[in-house]
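Peer 1: Numbering (my numbering), first residue to last: 372 to 605. The beta-carbon is built from N, C-alpha and C at its ideal position, and this holds for glycine as well.
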């Protein structure tokens with residue numbers, strides 16, 4: 372479904388991503404784990420067109436994405452839940468959701484998307500007329516996920532969905548990610564909470580300073596001594 376080959380990304384003179392290659396198959400949850408500054412967010416921003424790589428290929432369902440504008444990438448079925456939620460604070464919950472469906476031309480589909488979002492996140496329905504800036508961190512994360520789902524994607528990129536949330540909310544968000552996946556959504560998850568990420572993912576890639584240093588089945592990586600020591604507090 373998604374194949375990244377020899378991705379090279381620079382910030383000015385800084386070589387941020389150094390020849391990264393990985394793939395995500397339809398129906399999987401794949402996680403990228405690593406310390407702050409490893410390059411996880413940079414990779415997601417490259418996939419969704421927010422950053423242009425210097426070289427390498429990003430192939431999604433047979434289409435090369437690296438030269439396509441971000442809004443057209445959304446139309447092709449790839450949605451991005453950015454780090455820090457990035458909801459529009461001065462717009463209502465419902466307006467944020469409707470904005471997520473900008474690429475959907477059929478009004479019935481937008482209405483159906485809203486209905487599905489409210490069924491998945493009842494708290495958003497209760498707060499649908501509230502400004503997004505008045506929501507709690509967990510509610511804003513639910514809104515960011517709901518907004519991404521409005522475009523009817525085939526694959527959803529999630530960047531640090533647990534950031535800044537209380538442990539009970541982290542568990543709720545990860546349950547939601549699993550539910551979305553069980554309903555047929557492919558997920559590429561970037562997380563610093565390696566324990567939680569590996570507990571729900573099928574496969575994982577470990578990033579260090581812009582390179583993939585380890586990859587494999589998530590359960591195997593959870594038992595890896597080096598991973599335990601570096602990321603799991605073992």
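1. Using alpha carbons as the reference points, say which of 550, 536, 476 lies closest to residue 399.
2. Where do the ends of the alpha helix (DSSP H) carrying residue 509 lie?
3. Under the three-state reduction of DSSP, which class applies to residue 430: helix, strand or coil?
4. Tell me, which residues are paired with residue 529 by DSSP?
5. Could you check which residue in 554, 530, 385 has the C-alpha nearest to that of residue 411?
6. Using CA coordinates, which residue listed in 508, 594, 491, 556 is at the minimum distance from residue 541?
7. Helix, strand or coil: how does DSSP classify residue 591 here?
8. Going by alpha carbons, who is nearest to residue 393 out of 528, 476, 373?
9. Going by the DSSP bridge assignment, what does residue 389 pair with across the sheet?
10. Sorted by chain position, which residues of the same chain lie with C-beta nearer than 7 Å to residue 571's C-beta, five sequence neighbours on each side aside?
11. Taking residue 585 and residue 521 to be in contact with their CB atoms under 8 Å, please state how far apart those CB atoms are, rounded to whole angstroms.
12. Do residue 491 and residue 472 have their C-beta atoms within less than 8 Å of each other?
Peer 2: Based on what the coordinates show:
1. Taking the first residue of the chain shown as 1, we reach residue 399 at position 28. Comparing Cα positions, the closest option is 550.
2. By 1-based counting over the chain shown, the position of residue 509 is 138. Residue 509 -> alpha helix (DSSP H) spans 508-520.
3. Stepping through the chain shown from its first residue, residue 430 is reached at position 59. The answer is strand: DSSP assigns residue 430 an E or B state.
4. Along the chain shown, read from residue 1 onward, the residue named residue 529 stands at position 158. Note: residue 529 sits in a beta bridge opposite 452, 560.
5. For the purposes of this step, residue 411 is identified with residue 40 of the chain shown, where counting begins at 1. Among 554, 530, 385, the Cα nearest to that of residue 411 belongs to 530.
6. Within the chain shown, numbered from 1, the residue matching residue 541 stands at position 170. If we check each option's Cα against that of residue 541, 508 comes out closest.
7. The residue you call residue 591 lines up with position 220 of the chain shown. Residue state, collapsed to three classes: helix.
8. Position 22 of the chain shown, counted from the first residue, corresponds to residue 393. The residue with the shortest Cα to Cα distance from residue 393 is 373.
9. On the chain shown, position 18 is the one that residue 389 refers to. According to DSSP, residue pairing for residue 389 in a beta bridge involves 379.
10. Working through the chain shown from its first residue, we reach residue 571 at position 200. Spatial neighbours of residue 571 in its own chain (CB-CB distance under 7 Å, excluding positions within 5 residues in sequence) are listed in chain order as 400, 545, 548, 549.
11. Counted from its first residue, the chain shown places residue 585 at position 214. Counted from its first residue, the chain shown places residue 521 at position 150. Going by Cβ atoms, the distance from residue 585 to residue 521 rounds to 35 Å, so no, they are not a contact pair.
12. The residue you call residue 491 lines up with position 120 of the chain shown. The residue you call residue 472 lines up with position 101 of the chain shown. Cβ distance not < 8 Å, so residue 491 and residue 472 don't count as in contact.
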